[in-house]
Amino acid sequence: MVTKAKTPPAKSVEPGVKVIAPVDPALTESSLYVQSVEKAMKVLTAFDGTKRQLTLSEIAALTGFDVSTAQRFTYTLTVLGYLSKDAERKTYELSPRLLDFTYHYLTSSELVSRAAPYLQQLGAETEEATNLTVLDDTDIVFVLRIVSRNVFNANVIVGSRLSAYCTAPGLAILSTLPDAQVDDILARTHLVAHTPSTVTSVKKIKERLALIRRAGYAHTEDEYFMGDISTAAPIRGSHGRGIGAVNIAVARPRWNAERDERRFADLVISTASAISQHRRFEQG
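In this note's numbering, the protein residues as written are 2 to 285.
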């Protein structure tokens, strides 16, 4: 089990949706770069889950657009069906049509389709929540989640995004990456203490990754959510780097370290290994 450094208490935050990250200016100067697409995405990502409905002035403030520009983009997105407008309240909200993108991603992902039966079996055997996550920039994203009646956090769903540096799946994936890539990810990560147990020191995180490489699995307790215990192993591509992770999440009242950690570690390692053997879903 990895030893965790203590950090000052901080309020835990709910899993959120990441806004568009700053783009390399050199890339935006290309004649191939379409700024209107970027602006449309900024309007959509203004709806970050903190408020279900936004007024036009709120959208303008969140995107940095003037009201006229915000109005043109919200009108276009409404006509296309990606925003819904409440004419009486003069507010906008995301439309269910956006879920089409989620559906197409999940149904076209070989990784998701191959992992599904393994996660279902793992969930049935442990009666705990089992998850498939992938690394996206500095975060992990849940792309498959099998919940049980003992699920700890019902607010974590497919599409939820958590920081990689303080989650078992994220650490499991990071442990398979070259040092230079890990350094880059950590340099671009806001290392905040979500709980008193969150490790935020780059040095300690890298020491932890070295231990995870040797153990073959990552284990976290109370690091993003108090009372949440997670054990994860990386799914590897043919190059040996992590292309995803399998984890089991357990609520503390159901956790017995002597009984569970080694058992769950063996289960996630064997499950991730079985999924890793199917190379057709190789991603890069």
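Even for Gly, the Cβ is constructed at its ideal location relative to N, Cα and C.
Legend entry - His105 (DSSP reduced to helix, strand or coil): Locating residue 105 in the sequence shown gives position 104, counting from the first residue. Reduced to three states, the DSSP call for His105 is helix.
Inset, instruction - Decide yes or no for the touch test of the region 96 to 112 against the region 206 to 213: beta carbon pairs closer than 8 Å, at least 3 of them. - result: no
Inset, instruction - Please report how far the alpha carbon of Arg162 lies from the alpha carbon of Val135, in whole angstroms. - result: As a position in the sequence shown, residue 162 is number 161, starting the count at 1. As a position in the sequence shown, residue 135 is number 134, starting the count at 1. The alpha-carbon atoms of Arg162 and Val135 are separated by roughly 10 Å.
Legend entry - Of the residues Tyr218, Ile244 and Arg237, the one placed nearest Glu262, counting alpha carbons only: Here residue 262 refers to the residue found at position 261 when the sequence shown is read from its first residue. Nearest option by C-alpha distance: Tyr218.
Legend entry - Cα-Cα separation between Gly285 and Glu89, rounded to whole angstroms: If you number the sequence shown from 1, residue 285 lands on position 284. If you number the sequence shown from 1, residue 89 lands on position 88. Residue confidence is low: Gly285 scores 44 on pLDDT, short of 50, so the model does not pin down where it sits. Its coordinate-derived value is still stated next. So the two alpha carbons sit approximately 48 Å from each other.
Legend entry - Proximity to Thr155 [Cα-Cα], best of Thr131, Ile141 and Ser176: On the sequence shown, position 154 is the one that residue 155 refers to. One detail in the question is off: residue 155 reads as Ala in this sequence, not Thr. Closest option to Ala155, Cα to Cα, is Thr131.
Inset, instruction - With a 10 Å radius around its C-beta and 16 neighbouring C-beta atoms as the bar for buried, classify Gly124 as buried or exposed. - result: Your numbering for residue 124 matches position 123 in the sequence shown. The residue in question, Gly124, is buried, as its Cβ has 16 or more Cβ neighbours within 10 Å.
Inset, instruction - Give every residue of the same chain whose Cβ lies closer than 6 Å to the Cβ of Thr79, excluding the five residues on either side of it in the sequence, and list them in chain order. - result: Position 78 of the sequence shown holds residue 79. These residues qualify, in order along the chain: Lys86.
Legend entry - C-beta atoms of Phe66 and Val35 nearer than 9 Å: Here residue 66 corresponds to residue number 65 of the sequence shown, with the count starting at 1. Here residue 35 corresponds to residue number 34 of the sequence shown, with the count starting at 1. Not in contact: Phe66 and Val35 (Cβ atoms no closer than 9 Å).
Inset, instruction - Grab the span of the alpha helix (DSSP H) containing Ser37 for me, first residue to last. - result: Looking up residue 37 in the sequence shown gives position 36. Looking at the DSSP string, the run of the alpha helix (DSSP H) that includes Ser37 is Gln36 to Thr46.
Inset, instruction - Tell me whether Phe143 sits in a helix, a strand or coil according to DSSP, three-state version. - result: Stepping through the sequence shown from its first residue, residue 143 is reached at position 142. DSSP places Phe143 in strand when its eight states are reduced to three.
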